[in-house]
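Position one of the sequence shown corresponds to residue 9 (my numbering), numbered consecutively onward. In what follows, a single structure is set out as structure tokens and then discussed.
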Amino acid sequence: MHSYITGEAQIREAVTLLRDAGLDYDPVHEVFMGIYEDEHLIAAGARDHNILKMVAVNEEYQSTGAFSEIINALITDAFQAGYDHLFVFTKPMYTFHFESLNFTLLCTTDKVAVLEFGKSIKNYLHNLRNLARYGRNSGLVMNCNPFTKGHRHLIETAASESDFVYVFVVQEDKSVVPYQDRLDLVRRGTADLKNVYVIPSGDYAVSRITFPSYFLKNKEQVTKQQIETDLRIFGQHFAPAFNIIKRYVGEEPVCDFTSLYNEAMKRIMPEYGIKLVEITRKSSGETLISASTVRRLLFDSKYDEMKNLVPEATYEYLVKNRDMLKERFDKFSKSSK
């Protein structure tokens, strides 16, 4: 019988179960559930939004139905909460356990397997099939928080060197500029480029925010695996669907994470027949154009300086929505502490 794990004593018992399974307890979750037999915890699992994690079964109950029971309980809870597309990040050795419960494998690395349940990436890409074009095509994955002249320069360069360009805007709504606004600004800012298609990433851009770390040893390993899973999903699924043979990125002299990401692309993209094209970051005078610089100027009310870094549509949007954006910035800053 399953129940929610809430009290301190229950959590301590769950932490012990996780530790015995080689997992760490992750306090970031919406729901933590357990399967009990004779008042003893024999299986546990958690859900954070549409991510299932911390799934563990007592060694003595591995051959029973405890695993399927805890997974089915989490799936039912997720559906009742409004999530019909679920993901799990686990060790590759456990892949077949999830596949036996109708999860579909998205990609694997040496340490991580990513699986989904419910809506599938095949369905997602099938719904976009009318945008697929034959040719020597290129792809970009962008957050655009907000859309800047630097983003425009990168897309414009790709458009001039490709038959068609697909810009995948990260759909996760964890940025200062809300997702739908980011998507709209990119579309408005590239409307004159007739061979450019701006497409939502769906749930398939694996971010540092959602990537679970409870079964990995250290922060460096977490970052490496998050980057690799993201790139392999792109290489295995998105690139062939849109005939993408080049991926464009901007050089990254500032952000350590993006620099690591670009280095990983140089290593992984060729495995899928994709050439990485790195473009020098655009400047305005002596200022390197970046979304973080634009946000700083906005919140410092330095509109004249900011105006030089963004297209007109972005500028008008930022000035009009400054207070809302500052509230979101403050909220995300507090939640990350």
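Beta carbons: idealized from backbone N, C-alpha and C, even for Gly.
Three-state class that DSSP yields for residue i in the structure shown
| i | result |
| --- | --- |
| GLU286 | strand |
| LEU49 | strand |
| ALA1 | Residue 1 is absent from the model: the chain starts at 9 and stops at 345. |
| TYR205 | strand |
| GLU180 | coil |
| LEU224 | coil |
| HIS37 | coil |
| ALA199 | coil |
| VAL185 | coil |
| VAL302 | helix |
| HIS10 | strand |
| GLN18 | helix |
| ASP331 | helix |
| ILE402 | What is shown of the chain runs 9 to 345, which leaves residue 402 out entirely. |
| GLY42 | strand |
| LYS310 | coil |
| ILE59 | strand |
| GLY243 | helix |
| VAL64 | It is Ala, not Val, that sits at residue 64 in the sequence shown. Residue state, collapsed to three classes: strand. |
| LEU191 | helix |
| THR231 | helix |
| SER2 | Given that the chain is displayed from residue 9 to residue 345, the structure contains no residue 2 and the question cannot be resolved. |
| VAL23 | helix |
| ALA272 | helix |
| ALA74 | helix |
| ALA321 | helix |
| LYS339 | helix |
Selection from the options that minimises the alpha carbon distance to residue i
| i | options | result |
| --- | --- | --- |
| ASN80 | GLU68, LEU94, LEU317 and SER71 | LEU94 |
| VAL63 | THR156, PHE223 and ILE235 | PHE223 |
| ILE19 | SER168, ASP34 and ALA29 | ASP34 |
| SER71 | ILE50, LEU60 and ILE83 | ILE50 |
| ARG55 | VAL65, ILE163 and GLY42 | GLY42 |
| PHE155 | GLU271, VAL177 and ILE253 | VAL177 |
| PHE307 | LEU333, VAL39 and ALA247 | LEU333 |
| VAL184 | ILE13, ARG289 and SER341 | SER341 |
| ALA247 | ARG304, TYR269, PRO278 and PRO319 | PRO278 |
| ILE282 | THR117, ASN145 and PHE87 | ASN145 |
| VAL302 | GLY126, GLN234 and LEU317 | LEU317 |
| GLU335 | LYS182, THR98, LEU26 and LEU113 | LYS182 |
| ASP211 | ASP238, ASP189 and ASN226 | ASP238 |
| ARG196 | GLU16, GLY30, GLU320 and ASN329 | GLU320 |
| VAL285 | CYS263, GLU259, GLN88 and ASP264 | GLU259 |
| VAL230 | ILE13, THR98, ASN329 and LEU136 | THR98 |
| VAL173 | ASN135, TYR256 and LEU133 | TYR256 |
| PHE265 | ILE241, PHE242, TYR325 and GLU236 | GLU236 |
| LEU31 | LYS274, ASP189 and VAL65 | VAL65 |
| HIS245 | ILE129, ASN110, ALA52 and HIS105 | ILE129 |
| ILE276 | GLN88, GLY243 and ASP331 | GLY243 |
| LYS157 | ASN138, LYS61 and ALA299 | ALA299 |
| TYR323 | ASP92, LEU193 and PHE219 | LEU193 |
| GLY147 | ASN110, GLU21 and SER209 | SER209 |
| PHE219 | THR198, ASP189, GLU180 and TYR187 | GLU180 |
| CYS263 | ILE297, ALA249, GLN233 and TYR280 | ILE297 |
| MET101 | ASN329, VAL120 and GLY73 | VAL120 |
| ARG330 | LYS339, GLY15 and SER309 | SER309 |
| PHE125 | GLU67, PHE337, PHE106 and THR288 | PHE106 |
Assumed close pair residue i, residue j - CB separation to whole angstroms, cut-off 8 Å
| i | j | result |
| --- | --- | --- |
| LEU123 | VAL149 | Wrong, their Cβ atoms sit about 21 Å apart, outside the cutoff. |
| VAL206 | LEU191 | 7 Å |
| ALA86 | ASN58 | 7 Å |
| ASN226 | ARG141 | Contact doesn't hold; Cβ gap of about 43 Å is too wide. |
| ARG304 | THR117 | Not really, about 35 Å apart at Cβ, beyond 8 Å. |
| HIS10 | ILE83 | That belief does not hold up - the Cβ atoms of HIS10 and ILE83 are roughly 12 Å apart, past 8 Å. |
| LEU114 | THR103 | No, LEU114 and THR103 are not in contact; Cβ-Cβ is about 11 Å, not under 8 Å. |
| LEU201 | ILE253 | Going by Cβ atoms, the distance from LEU201 to ILE253 rounds to 19 Å, so no, they are not a contact pair. |
| LYS127 | ASP92 | 6 Å |
| ASP189 | TYR311 | ASP189 to TYR311, Cβ: 18 Å. No contact. |
Contact with chain D by residue i, beta-carbon distance below 8 Å
| i | result |
| --- | --- |
| ALA121 | The structure shown has no chain D; it contains just one protein chain. |
Problem set entry | Continuous beta strand (DSSP E) assignments of at least 3 residues falling wholly in the region 142–169 | 145–150
Problem set entry | Entirely enclosed beta strand (DSSP E) segments - the region 78–144, minimum 3 residues | 93–98, 112–116 and 121–126
Problem set entry | the region 289–301 contacting the region 164–174, beta-carbon criterion three pairs below 8 Å | no
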